[in-house]
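So the structure is just underneath, and the comments pick up after that.
Protein chains in written order, with my numbering: chain R, 1 to 226; chain P, 1001 to 1251.
Laid out in structure tokens, this is it:
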């Protein structure tokens, strides 16, 4: 077996992180995407830009600010300490919070596109049939936006799996707690353990390719982005 | 017409190359922990010798891979003594050019004043939540920190509290931001003119860890470059020694 115990632990941890992050992102991202798709507010541009920031920011910027704000002297750190949660860096929870920021645009943007593609008409029809807003959302919008949700979930998951810079900066490289596959690969390369680095890196390339292949081959993807 | 033009360019290019060779230029890969002293040394070296020094700073493991893959570095100042030795065995250095340019010193440091006592007893009390170290597998300062903990019989007790930076720079970052109450960092990171510049620290006695030798070497690419040779000579000289010591290294 070319993969060590620690490699397998890193893979397990990465999958846990990506799964939990994806679930949270769908919960957090849906209302944001819905608001962005429907609003006529002047804030739309600004909020959309904030959501898209992780697309262009280097992960070191994100990691640095998370380390400072979630640290004992930062505002988030003060809050989590007051709540008796301690501070978030070096914990799995901290990685989850960071990943939610990091992968936010990958979930919000496909959802927003899907919501916008639905248009006014189905909502108006639902309303003439006396469906309330919640009813409309769950029985009309959600089924119509399904392809968008599939795309969002896959992209959010895959992007979190590939996260490196942020984990490196706030993780502390703790086995089975914060050491993800990307950090484990970095470790191997730095230690000049190229064989192990190859196995894990090759696995990542294959995984990413398969995810994107599935995405680009499905009609749902086109529907989700249209 | 086009022929004579291209000839002109060739002649111009050759002229430029000749100038560059005369002025002397040396391309250096230096360990990240040596950034500050190296910048100061570079300025003095350029003034004194007229050679131009182009320095890159980064992780030793990363430089190793780059050098093996044809990076244009002529002098390599490593964060350890094993990587230059390995490069020497692999035949990509100038034989006999390897030397120790600095010896790193380890300090147990906290950003909080008064947190670390001057005997390091804070470690025994174990009241902290996180102890930052550099990755012991890849960073010599991390390996040294592990040796200290083992010698003090604390390795098991503090294991659940260890947080690892990818390198000594990141370990310092964890402590400086207060996310780790204390950590083992390089004295060169937290001292100025031989004194702690902030926070509190315990300078770990040298008998608790193997010396952190940082070796330099001339790479095969710098074999025929007089500027590379000049830099090595300068690094071994008294002026460089003064700078290196002022930044918290031994010699």
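Cβ coordinates follow ideal geometry from the N, Cα and C atoms, glycine included.
Remember, predicted model here, so these are calculated numbers, not experimental data.
Item to check | Residues bridged to residue 1250/P [DSSP beta-bridge criterion] | outcome: Looking at the DSSP output, residue 1250/P shares a beta bridge with 1103/P.
Checklist entry - Touching or not, the stretch 1094 to 1103 of chain P and the stretch 1202 to 1222 of chain P, by the rule of three or more beta carbon pairs under 8 Å? => result By the Cβ test, the stretch 1094 to 1103 of chain P is in contact with the stretch 1202 to 1222 of chain P, since at least three Cβ pairs between them sit closer than 8 Å.
Item to check | Rounded Cβ spacing between residue 1072/P and residue 1221/P (contact assumed at less than 8 Å) | outcome: About 6 Å separates the two Cβ atoms, so the contact holds.
Checklist entry - For residue 90/R, which three-state DSSP category applies? => result In the displayed model, residue 90/R falls within coil according to three-state DSSP, outside both helix and strand.
Item to check | Rounded separation between residue 172/R and residue 1248/P - CA only | outcome: Residue 172/R and residue 1248/P: Cα-Cα distance of roughly 26 Å.
Item to check | Residues near residue 51/R by beta carbon distance below 6 Å, same chain, minus five either side | outcome: Sequence-distant Cβ neighbours of residue 51/R in its own chain, meaning closer than 6 Å and more than five residues away, are 104, 105, 108.
Item to check | Helix, strand or coil at residue 41/R [DSSP, three-state] | outcome: In the three-state reduction of the DSSP assignment, residue 41/R falls in the coil class, being assigned neither a helical nor a strand state.
Checklist entry - Going along the stretch 73 to 86 of chain R in order, which residues come within less than 9 Å of chain P, judged by CB to CB distance? => result Of all residues in the stretch 73 to 86 of chain R, 73, 74, 77, 86 have a Cβ within less than 9 Å of some Cβ in chain P.
Item to check | Element boundaries [beta strand (DSSP E), containing residue 1056/P] | outcome: Run containing residue 1056/P: 1052 to 1058, per the beta strand (DSSP E) assignment.
Checklist entry - Name the chain R residues whose beta carbon is nearer than 8 Å to that of residue 1126/P? => result What residue 1126/P touches in chain R, judged by beta-carbon distance under 8 Å, is nothing: the nearest beta carbon there is about 17 Å away.
Next on the checklist: Starting from residue 4/R, trace the alpha helix (DSSP H) in both directions and tell me its first and last residue.
Outcome noted: Judged by DSSP secondary structure, residue 4/R falls outside any alpha helix (DSSP H); it is assigned neither H nor E.
Item to check | Beta-bridge pairing of residue 1163/P - partner residues as DSSP gives them | outcome: Partner residues in the beta bridge of residue 1163/P, as assigned by DSSP, are 1132/P.
Checklist entry - So which residues on chain P does residue 174/R lean against when the C-beta distance must stay under 8 Å? => result Within 8 Å Cβ-Cβ: 1162, 1163, 1164.
Checklist entry - chain R partners of residue 1178/P, CB-CB under 7 Å? => result Chain R residues near residue 1178/P: 71, 72, 73.
Checklist entry - Closest to residue 1042/P by CA distance: which of 1238/P, 1231/P, 1250/P is it? => result Of the candidates 1238/P, 1231/P, 1250/P, the one whose C-alpha sits nearest the C-alpha of residue 1042/P is 1231/P.
Next on the checklist: According to DSSP, is residue 1154/P part of a helix, a strand, or is it coil?
Outcome noted: If DSSP states are grouped into helix, strand and coil, residue 1154/P belongs with coil.
Next on the checklist: Starting from residue 1075/P, trace the beta strand (DSSP E) in both directions and tell me its first and last residue.
Outcome noted: Annotation: the continuous beta strand (DSSP E) that includes residue 1075/P extends over 1075 to 1077.
Checklist entry - Near residue 19/R, what residues of its chain come up, given a Cβ to Cβ distance below 8 Å and the 5 sequence neighbours on each side ignored? => result Counting only residues of its own chain and dropping the five nearest sequence neighbours on each side, residue 19/R has a CB closer than 8 Å to the CB of 157.
Next on the checklist: Below 7 Å on C-beta distance, what does residue 126/R contact in chain P?
Outcome noted: By Cβ distance, chain P contributes nothing, its closest Cβ being about 50 Å from residue 126/R, past 7 Å.
Checklist entry - Within 10 angstroms of its Cβ, does residue 1164/P collect 16 or more other Cβ (buried), or is it exposed? => result Result: buried.
Next on the checklist: Any beta carbon of chain P sitting closer than 8 Å to that of residue 189/R?
Outcome noted: At least one C-beta of chain P is nearer than 8 Å to the C-beta of residue 189/R.
Checklist entry - When the distance is taken between beta carbons, is residue 1131/P closer than 8 Å to residue 1183/P? => result Yes. Within cutoff.
Checklist entry - Run through DSSP, which three-state label would residue 1093/P get? => result Reduced to three states, the DSSP call for residue 1093/P is strand.
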